[in-house]
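Below: one structure, written as structure tokens.
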Amino acid sequence: MPTTKVTMPQLGESVHEGTIAKWLVKPGDKLVEFEPMLEVDTDKVNAEVPAPVTGVLKEILAQEGATVQAGSEIAVVELEGEGNGAAAPEKVEATAAAADEPAGGGDAMPSAEQARAADAQPRPSPQSAPESPSQGPAEAAKAPAAAQPDSPVHRFSPGVLMLAEESGVDLARIKGTGLGGRVTKRDVRQFVEGQHGPEAAPGELAPTGATSTPDTAADRPIATGEGDQTVPLTRMRRLIAENMTKSKATIPHAWQTQEVDMSGVVANRSHHKAAFAEREGFSLTYLPYVIAAAVASLREHPQVNATFNGDAILVHGKINLGVSVGFEDTLLVPVIKSADSLSLAGIARAVNDLAGRAKTQQLKGDDLQGGTFTVNNSGTFGTLFSYSVISPGQAGILTMEAIVERPVAVGGMIGIKPMMYLCFSFDHRTLDGLQAARYLTSCRRWLEAVTAETPIY
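For the sequence shown, the working numbering assigns the number 17 to the initial residue and increments by one for each residue that follows.
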């Protein structure tokens with residue numbers, strides 16, 4: 017029977033290679049067109065790649081862990097139903113299920129799928145979260161990359177830029193081996209290893225470039241004592257650590273908090289929860305109320321829905337709200353697109369959908385990209401004050417804390433009310449304390465204006 021070769025798909029506009037994470041079939045297995053064939057990891061997304069044709073897998077040309085350029089051959093398939101003499105295509109490109117990478121890249125928090133790609137690399141690079149698109153002419157604007165030539169070859173990926181910055185390397189000095197001459201993370205690592213290799217022999221010139229940094233206490237191994245246990249970093253923890261370091265190193269964080277009387281919200285939820293659960297099939301929680309308050313306040317204070325963009329501040333026309341979802345050793349921030357177009361019930365549906373797909377690892381690349389602001393719900397674990405870290409590319413993150421019944425002054429008397437702290441971390445380059453306080457006050461007033469009869473649809 018005739019055979020055809022399957023090639024690596026291009027998983028995004030600026031993604032030109034991928035790492036084969038897992039083959040879902042083995043040689044001899046029957047393939048059915050559009051059914052999952054393998055999983056591919058990139059710097060941006062994880063994609064489940066379906067079979068492009070129906071037939072039998074004859075040979076795997078690229079093994080698990082291999083990093084393959086888009087268009088390269090990865091498998092040979094014996095076609096089914098081609099015995100009538102019709103010519104079989106020499107090659108057929110697989111297509112990926114994950115969405116293309118939007119302009120500006122992904123969010124700061126890595127996905128579980130991105131983390132799997134990290135172990136295929138000697139040292140993972142964090143995913144940056146440049147500005148998200150907005151309406152109007154600013155839609156095409158991007159933060160200028162320092163000292164980057166205009167040639168397409170030198171449009172470096174966020175992972176490459178971060179690794180180069182950490183290593184003190186001038187990317188213009190590195191010859192790329194990627195598709196079209198692009199510089200890959202492997203190229204940067206090899207360049208750095210060459211700089212720190214054996215000393216040059218007499219008469220030879222040592223390679224020039226970034227000077228090695230002095231040995232510091234943080235760089236030296238920590239001595240272990242009796243009973244200590246060394247726990248290797250998981251792929252996700254490694255990415256989270258690098259992304260958090262990047263955020264704290266590049267964004268001047270400031271922090272404010274206000275106390276909110278949640279009596280009206282508690283009454284509203286009690287009033288609607290039975291009918292809501294019967295109609296929607298899941299429980300109404302307090303998180304959608306805080307998200308709705310955050311969104312309404314972003315409309316009132318659009319400068320908070322912004323990105324610090326070098327010599328300008330990019331105010332986004334759309335409110336794409338990220339919601340932190342934490343699991344064991346995993347942190348994801350799926351994004352509710354155009355959150356300001358949704359009712360409170362619509363927000364609840366979106367949160368339930370994204371959280372459910374996050375638990376089952378069914379989120380796509382597009383679900384984790386494009387956020388312009390983030391809401392965090394650490395209060396579900398009983399916290400009272402959180403100093404949350406801002407996602408790069410955003411101006412703030414709002415954290416709802418635990419709702420606790422406390423004695424408060426009511427009309428000159430002591431009463432018991434359900435109270436909650438709202439904590440706001442903000443980028444002090446983008447916002448001053450006055451602007452941040454006004455935004456936080458708007459969130460508090462929105463929540464305190466809710467009554468038992470306030471509609472949620």
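Glycine residues also receive a C-beta, built at the ideal position from the N, C-alpha and C atoms.
Count the other CB atoms, across all protein chains shown, that sit within 10 Å of the CB of residue i; report buried if there are 16 or more and exposed otherwise.
i	result
Gln79	exposed
Glu55	buried
Gly44	exposed
Gln385	buried
Tyr302	buried
Pro318	exposed
Thr415	buried
Ile335	buried
Lys46	exposed
Gly210	exposed
Pro126	Interpretation of Pro126 is limited by its pLDDT of 48, a score under 50 that renders its predicted location unreliable; no figure is taken from the coordinates.
Ala465	exposed
Lys264	exposed
Pro138	Its pLDDT being 44, under 50, Pro138 is placed unreliably by the model, and nothing is read from it.
Lys42	exposed
Gly184	exposed
Arg315	exposed
Ala110	buried
Leaving out five residues before and five after residue i in sequence, what residues of the same chain have Cβ atoms less than 6 Å from its Cβ?
i	result
Ile190	Val199, Asp203 and Phe207
Ile363	Pro304, Ile307 and Ala308
Gln274	Leu438, Leu456 and Arg460
Ser359	Tyr473
Pro52	Leu40, Glu64 and Pro66
Gly395	Met416, Glu417 and Ala418
Ser402	Ser394, Thr415 and Cys439
Ala133	Here the model assigns Ala133 a pLDDT of 47, short of 50, so the residue's position is not dependable, and the following value carries that caveat. Cβ neighbours of Ala133 beyond the five flanking positions: Thr35 and Asp57.
Arg422	Met435
Asp383	Pro350
List the endpoints of the continuous beta strand (DSSP E) containing residue i.
i	result
His444	Element bounds for His444: n/a, residue is neither H nor E.
Val282	That residue, Val282, is in no beta strand (DSSP E); its alpha helix (DSSP H) goes Ser279 to Glu296.
Arg422	Val420 to Val426
Gly412	Gly412 to Met416
Thr83	Thr83 to Gln85
Ile90	Glu89 to Leu95
Alpha helix (DSSP H) containing residue i: first to last residue?
i	result
Val71	Looking at the sequence itself, residue 71 is Gly, so the reference to Val does not match. Looking at the DSSP string, Gly71 is not in any alpha helix (DSSP H); the run it does join, the beta strand (DSSP E), is Gly71 to Ile76.
Leu463	Gly449 to Ala465
Asn392	Careful: Asn392 lies outside any alpha helix (DSSP H), inside the beta strand (DSSP E) at Phe389 to Asn392.
Asp244	Unbroken run through Asp244: none, as it is neither H nor E.
Leu370	Leu360 to Lys375
Opposite residue i in the DSSP bridges: which residues?
i	result
Val351	Gly338
Asn325	Ala328
His317	DSSP output for His317 lists no bridge partner at all.
Glu55	Lys38 and Glu64
Met429	Val426
Glu275	Tyr437
Phe343	Thr346
Leaving out five residues before and five after residue i in sequence, what residues of the same chain have Cβ atoms less than 8 Å from its Cβ?
i	result
Gln272	Cys439, Phe440, Phe442, Gly449, Ala452, Ala453 and Leu456
Val391	Leu303, Val306, Ile307, Ala310, Leu337, Gly338, Val339, Ser340, Ile413, Leu414, Thr415 and Met416
Thr266	Pro408
Grab me the residues of residue i's own chain with a C-beta within less than 7 Å of its C-beta, minus the 5 sequence neighbours each way, in chain order.
i	result
Pro153	Confidence in Pro153 is poor, its pLDDT being 37 and thus under 50, which makes the residue's placement too unreliable to answer from.
Val11	Coverage of the chain is limited to positions 17 through 473, which leaves residue 11 absent and any answer about it impossible.
Ala366	Ile352 and Leu358
Val84	Met24, Glu33, Gly34, Ile36, Ala78 and Ile90
Thr399	Glu417 and Ala418
Val281	Tyr302, Tyr305, Leu463 and Val466
Are the segment 439-452 and the segment 463-471 in contact at 8 Å, needing three or more beta carbon pairs?
Touching, no.
For the segment 421-430 against the segment 330-342, do three or more pairs of beta-carbon atoms, one drawn from each stretch, fall closer than 8 Å, so that the two count as touching?
No: the two stretches stay apart, fewer than three of their Cβ pairs being nearer than 8 Å.
Are at least three pairs of beta-carbons, each pair with one atom in the segment 404-418 and one in the segment 251-258, less than 8 Å apart?
By the Cβ criterion, the segment 404-418 is not in contact with the segment 251-258, since fewer than three pairs of Cβ atoms, one from each stretch, lie closer than 8 Å.
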